[in-house]
Amino acid sequence: MDRKMLNPDTMLYEWLPALRRVFENVNATESVLTKFFELHFKVRMQGAKDIQIILPTGHLGNDNKLRETMASFGAPLRGSELTPFKDFMGTWLEKLQKERDIASVTEQLGWVKDSDGNVEGFSAGTTTYMSDGTEKIGVRIAKEFLAVGRMYEVSGTKAPWLRVSKFLAEQNNPAFTAIIASAFAAPLLSFTGVQGSILSLVSTESGVGKTSALKCAQAVWGSPTHGMNSIEDTRLSVARKLGFLNNLPAYWDELRGEKTMEEFCHLAFQVAQGKEKSRLDSTATMRDVNTWETMVIAASNESIFDLMGSYSAGSDAGVARTYEIIVHPFESERSRAEIAMLFETLNGNYGHAGQEYAKYLAMHHKEIKVMVGKMFSSLSAQGQMKPQERFWFSMMTSLIIGAGLAKKIGLVDIDVRTLGHYLLKNVTQLRTRSSASMLGSTPSELIAAYMQQHQDKGLIVDKLSRQGHSYTPSVISPPRADRIIFQLAQDDNVVRVAKGDFCSWLKRSKGINWSSVAESFKKDLYLSVAKTSLGLGTKWAMPRQYCMDMTLEFGEKK
0 MDRKMLNPDT
10 MLYEWLPALR
20 RVFENVNATE
30 SVLTKFFELH
40 FKVRMQGAKD
50 IQIILPTGHL
60 GNDNKLRETM
70 ASFGAPLRGS
80 ELTPFKDFMG
90 TWLEKLQKER
100 DIASVTEQLG
110 WVKDSDGNVE
120 GFSAGTTTYM
130 SDGTEKIGVR
140 IAKEFLAVGR
150 MYEVSGTKAP
160 WLRVSKFLAE
170 QNNPAFTAII
180 ASAFAAPLLS
190 FTGVQGSILS
200 LVSTESGVGK
210 TSALKCAQAV
220 WGSPTHGMNS
230 IEDTRLSVAR
240 KLGFLNNLPA
250 YWDELRGEKT
260 MEEFCHLAFQ
270 VAQGKEKSRL
280 DSTATMRDVN
290 TWETMVIAAS
300 NESIFDLMGS
310 YSAGSDAGVA
320 RTYEIIVHPF
330 ESERSRAEIA
340 MLFETLNGNY
350 GHAGQEYAKY
360 LAMHHKEIKV
370 MVGKMFSSLS
380 AQGQMKPQER
390 FWFSMMTSLI
400 IGAGLAKKIG
410 LVDIDVRTLG
420 HYLLKNVTQL
430 RTRSSASMLG
440 STPSELIAAY
450 MQQHQDKGLI
460 VDKLSRQGHS
470 YTPSVISPPR
480 ADRIIFQLAQ
490 DDNVVRVAKG
500 DFCSWLKRSK
510 GINWSSVAES
520 FKKDLYLSVA
530 KTSLGLGTKW
540 AMPRQYCMDM
550 TLEFGEKK
């Protein structure tokens with residue numbers, strides 16, 4: 000690429016080579032969220048393959064980052080090329096800004112907020128609706144989210160969704176209307192102060208209609224087939240998707256299998272935290288962490304609520320994040336074939352209801368926030384909410400207000416009063432179940448499960464030999480394996496385990512971090528930690544390591 004420059008030898012302006020490569024098809028984008036700009040352009044060099052480059056305009060003010068980025072794309076800038084390249088790109092950016100030829104791009108759907116957290120609008124599909132009533136149409140999806148973004152582009156017409164939602168609402172089955180309401184409730188969770196929560200839909204029978212209702216709810220915002228999460232999705236990919244959806248709901252259908260259920264329980268705690276884990280990008284730079292405030296809605300034939308209890312080590316941390324509904328089949332005069340054909344029409348017709356709702360949310364967010372606050376206070380008083388139940392009551396609040404708003408703007412006529420009574424009544428059942436669901440996760444039960452699982456590696460003696468003492472334990476029952484995992488002293492009623500092995504098992508098998516339960520073990524089992532040996536004083540003695548001794552007694556310490 001040539002540039003008109005002063006030739007110091009002739010003192011005349013001449014066209015001289017300034018850049019080895021040709022830069023063309025330059026265009027710019029502005030992030031709806033961060034307001035940052037990016038330049039997109041193609042690079043050509045004779046004999047080489049064309050290169051597509053995306054350059055944050057902030058790098059034009061940082062020579063080191065500019066050099067690094069261009070080199071990473073395979074188009075390094077030599078020392079003499081730096082200034083003319085910056086001048087060239089800066090001129091292009093100014094030209095595009097003056098012509099208002101800059102496309103909007105987004106890295107997240109849902110609420111659009113300024114740097115102070117004030118709502119500016121709401122993004123759905125390829126449109127961002129601003130709070131002043133204006134619209135940004137044709138918003139591009141950031142490259143890294145392009146695949147999932149396509150699932151949330153509007154398709155077909157609104158009429159098929161209206162027919163399906165009307166059919167479900169007319170059944171007046173609160174479990175099913177709650178599923179529809181979840182599509183409109185998820186964006187409202189942001190106003191309750193809760194980052195994320197789980198709506199669990201469980202039925203022991205198959206064919207009750209959960210899948211159909213989930214399709215209807217998902218079709219509010221995007222594809223009811225491709226937009227649904229599957230059991231094959233990894234926790235990492237799900238977290239990235241949640242980061243993109245931001246305030247839009249995420250749906251799972253037919254969670255099944257022990258491994259899948261365990262993975263989902265692990266994910267549930269991350270959902271409640273509202274952010275993905277920090278990690279490095281390909282250049283060893285800390286990558287931006289995506290956040291969200293939304294609902295995850297999952298359907299299963301097994302109780303997620305009960306499973307969360309068993310994975311919370313005797314606390315209510317898991318069940319408190321999970322609001323579970325028992326789904327019973329609805330009765331309809333229509334044949335199964337007719338109903339199936341009705342729901343099949345959603346496959347090519349979706350996203351329209353979400354567009355209307357997004358526009359309403361953007362323009363009325365202030366009054367909606369007030370409505371959510373009043374409903375939360377009212378439900379809390381009626382239901383006598385306990386502090387640990389805020390996830391449940393935030394979920395109920397969002398579902399009720401979401402259903403009411405969908406009805407108000409003419410999308411679906413949900414019986415909001417019946418839904419509210421049903422949700423509040425369900426809390427009583429959840430309270431009863433929350434205690435029962437945590438059975439099997441107290442310190443005593445956890446150590447018992449550990450011993451049961453490794454019974455062939457257990458050494459049973461009369462008493463423990465202490466470090467520095469000459470007592471030789473009497474072996475009551477030797478291990479069947481060569482290596483011991485635990486040692487039980489019957490007379491003392493004390494079990495000794497290697498701290499490292501037990502903590503690893505706890506994390507691997509139960510999803511429990513030792514730090515979260517250590518105090519419970521100290522209180523309930525009078526736990527003590529010392530550097531000693533498993534099997535001390537016997538031929539099965541292991542090398543010295545940190546071991547934990549626990550007293551398997553119940554009742555008050557004397």
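Those letters in the sequence shown? Residues 0 to 557, by numbering that gives the first Met the number 0.
Using N, Cα and C, we set each Cβ at its ideal position, and we do this for glycine too.
Are residue i and residue j close, meaning C-beta to C-beta below 8 Å?
i    : j    : result
I197 : A267 : yes
F375 : R320 : no
G350 : W220 : yes
A177 : L418 : yes
G116 : M129 : no
S299 : V153 : no
A123 : G353 : yes
Y449 : W513 : no
S560 : E29  : This structure cannot speak to residue 560, because the chain is shown only from 0 to 557.
Y356 : I296 : no
T293 : L254 : no
N228 : G109 : no
L588 : S443 : In this structure the chain extends from 0 to 557, so residue 588 is not present and cannot be described.
V460 : A480 : no
L18  : P83  : yes
M549 : I475 : no
D490 : K522 : no
Going along the chain, which residues of its own chain have a beta-carbon closer than 8 Å to the beta-carbon of residue i, five neighbours each way excluded?
i    : result
T282 : Caution applies to T282, whose pLDDT of 46 falls short of 50 and renders its modelled position unreliable; the model cannot decide the point.
A540 : S532, L533, G534
H453 : I484, F485
Q272 : Q194, G195
W160 : C215, A218, V219, L345, N348, Y349, H351, A352
K557 : Confidence in K557 is poor, its pLDDT being 38 and thus under 50, which makes the residue's placement unreliable; the coordinate value appears in the next sentence. So the list is empty, once near-sequence residues are dropped.
Pick helix, strand or coil for residue i, following the three-state DSSP scheme.
i    : result
Y356 : helix
L279 : At L279 the pLDDT is 47, less than 50, meaning the model places this residue with poor confidence; the figure from the coordinates comes in the next sentence. If DSSP states are grouped into helix, strand and coil, L279 belongs with the strands.
H420 : helix
M44  : coil
V415 : helix
T427 : helix
T471 : coil
A180 : helix
V369 : helix
A267 : helix
D455 : helix
S222 : coil
M294 : strand
E343 : helix
V288 : coil
L18  : coil
N63  : helix
V163 : helix
V25  : strand
V111 : strand
L254 : strand
Who are the Cβ neighbours of residue i in its own chain at under 6 Å, not counting the five residues just before and after it?
i    : result
G226 : M150, Q217
L65  : H58
G382 : L423, V426
L187 : V371, S397, I400, G401
M384 : F392
S464 : Y470, P472, L535, G536
H39  : N26, I53
T210 : D252
K48  : none
Can you name the residues that DSSP bridges to residue i?
i    : result
E323 : S199
P55  : E37
V104 : S30, R139
V578 : For residue 578 there is no data in the structure shown, the boundaries of the chain being 0 and 557.
A249 : V295
F304 : Paired residue(s): none; F304 is not in a bridge.
Y449 : Y449 pairs with nothing; no bridge assigned.
K274 : T290
Among residues of its own chain, excluding the 5 on either side of residue i, which ones have a beta-carbon nearer than 7 Å to its beta-carbon?
i    : result
L32  : T105, E106, Q107, V111
R482 : K456
Could you tell me whether any non-hydrogen atom of the ligand GTP is closer than 7 Å to the CB of residue i?
i    : result
G273 : The model on display carries no ligand, and the ligand GTP is accordingly not part of it.
For this session: Enumerate, from N- to C-terminal direction, the unbroken alpha helix (DSSP H) stretches of 4 or more residues contained entirely within the stretch 473-554.
Result: 498-509, 513-524
Problem set entry | Contiguous beta strand (DSSP E) assignments of at least 3 residues, all confined to the stretch 117-161 | 118-123, 126-129, 134-136
For this session: For the stretch 372-416, list the alpha helix (DSSP H) runs that are entirely contained and at least 4 residues long, ordered along the chain.
Result: 389-407
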